[in-house]
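In my numbering, the protein residues as written are 65 to 355.
Note that the Cβ used here is the ideal one computed from N, Cα and C, for glycine as well.
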Amino acid sequence: MAEETKAVGDLSQWVSTYGLITAERILGRYQIHLPQNELLAALKYPFNFYHKTLKVPLKNVLNGIVFQQALDYHIYAQKLFVDYLLSGESAKEADSQGASTRASMEDERQRLILLGEEFQKSKKDHEILIATSQADLIRTCKEWNTAFEKAAKGVHSLGFVQNLSIDSVKSAINHAMIHCDLAGFSNDQYFVIDSMNEILKLNLNEEQKIKINDQLTDLIKISLDFEGTIDPYINQSEVICVQANSFRTQFYDTIIRVMGLINLLSDYRLNEIQDQINREPLYFDRDIGKL
């Protein structure tokens, strides 16, 4: 049951754990609805707006699960001590058999109290991160949706595009926004338009490309500015991930040590039936959210 360490991958790790439906639901909160093929592409390429929008909420979900598992371990450890204290074993004379083990049990109990206080502080930081990041994501995605609709209508209104449906234009814009790394936008002023045209399939001259490009200015700016908005939250979620994993490990290690001490007490035994009931919440996948 020892905790392993491994690198956190891209969103494919998160989505493989929770399924595509989770990503759809998260984007749906922000009124963003992508066809499955576009969503899969958005998850694949880390530089696009949708990928960045998903990253913090998905990490928050995983961190929340790790915190819950840590809490389940914490509660079980507390129940071990409750049973021990109620048994009267801890009240025996200091010079009676098992005194050193009882002293170690008391040390573990005090450490567990302090660890529990630190855990609650970290969990509160996690809850604050969820609230603050959610507020910024709602605001930014509202701006994105407005700019996206404006861009789609603007492109569709151009005479050389009007024969295409508005849905085709939206698909083309999404295709470009997903597949193009906008950080390199200044190196090739038409690479977004060329990506769009993989869907539109129009014979565009330079003047027409400029007209389409003009309609995308606001949308591209929001996507580029989003990096500065989301990066601090990503960093915070990674710090909290480390903390949550640490608490899960520490509570688990406490249980192992306490069980070892209990086994040294010749006159005290756990109630096996009650202990089995207490263990039921602990049957979970400890690989979730591991670093």
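Which of helix, strand or coil DSSP assigns to residue i
i	result
His190	helix
Lys275	helix
Gly353	coil
Leu288	helix
Ala158	coil
Asp282	helix
Arg152	Note on residue identity: the sequence assigns Gly, not Arg, to residue 152. Residue state, collapsed to three classes: coil.
Asn342	helix
Gly223	coil
Ser330	coil
Asp245	coil
Asn209	helix
Leu264	helix
Asp231	helix
His97	coil
Pro110	coil
Selection from the options that minimises the alpha carbon distance to residue i
i	options	result
Gln272	Tyr114, Gly223, Asn335 and Asp331	Gly223
His115	Ile263, Ala106, Leu176 and Glu291	Ala106
Ser259	Ile194, Ala240, Ile274 and Asn127	Ala240
Asn209	Val306, Asn327, Ile286 and Phe255	Ile286
Gln198	Ser301, Asp351 and Ile352	Ser301
Ser221	Lys275, Thr196 and Glu182	Lys275
Ile326	Ser235, Ala167 and Leu104	Ala167
Lys217	Phe255, Lys234 and Phe315	Lys234
Ile319	Arg89, Lys119 and Glu172	Glu172
Pro296	Val306, Leu193 and Ile284	Leu193
Ile96	Glu207, Lys188 and Asp136	Glu207
Pro283	Asn269, Ile242 and Val306	Here the sequence assigns Leu to residue 283, which means Pro is not the residue at that position. It is Ile242 whose Cα lies nearest to the Cα of Leu283.
Asn269	Lys188, Leu84, Arg203 and Val225	Val225
Within 8 Å, strictly: CB atoms of residue i and residue j
i	j	result
Asp237	Ala215	The amino acid at residue 237 is misidentified as Asp; the sequence shows Ile. Yes, the pair counts as a contact, with Cβ atoms nearer than the cut-off.
Leu264	Ser229	no
Thr281	Cys205	no
Thr165	Leu329	yes
Tyr347	Ser151	no
Ile304	His138	no
Val130	Arg312	yes
Ala141	Leu98	no
Leu201	Tyr94	yes
Asn277	Ile298	no
Phe308	Asn127	Contrary to the premise, residue 308 reads as Ala rather than Phe in this sequence. Yes; because the gap between Cβ atoms is below 8 Å, this pair is in contact.
Met169	Ser154	yes
Residue i versus residue j: straight-line alpha-carbon distance, rounded
i	j	result
Ala134	Pro121	20 Å
Asp245	Gln184	40 Å
Ile294	Leu288	11 Å
Gln253	Val219	17 Å
Asn124	Met323	32 Å
Arg321	Phe290	47 Å
Pro345	Asn101	38 Å
Thr69	Lys354	Note that Thr69 has pLDDT 31, beneath the 50 cutoff, so the model's placement of it is unreliable and the number below is only indicative. Cα to Cα, Thr69 sits roughly 6 Å from Lys354.
Leu334	Tyr148	8 Å
Asn342	Leu179	20 Å
Asn227	Leu266	11 Å
Leu103	Leu91	10 Å
Gln161	Leu144	21 Å
Glu262	Arg89	28 Å
Glu182	Gln314	12 Å
Gln132	Thr196	21 Å
Glu157	Asp351	43 Å
Asp349	Glu213	42 Å
Gln340	Tyr316	16 Å
Ala163	Gln174	17 Å
Lys119	Phe255	26 Å
Ala247	Gln338	59 Å
Lys188	Val306	15 Å
Arg203	Gly292	14 Å
Glu336	Asp159	29 Å
Closer than 7 Å: residue i CB and nearest the ligand MN heavy atom
i	result
Ser232	No copy of the ligand MN occurs in the structure displayed, which carries no ligand at all.
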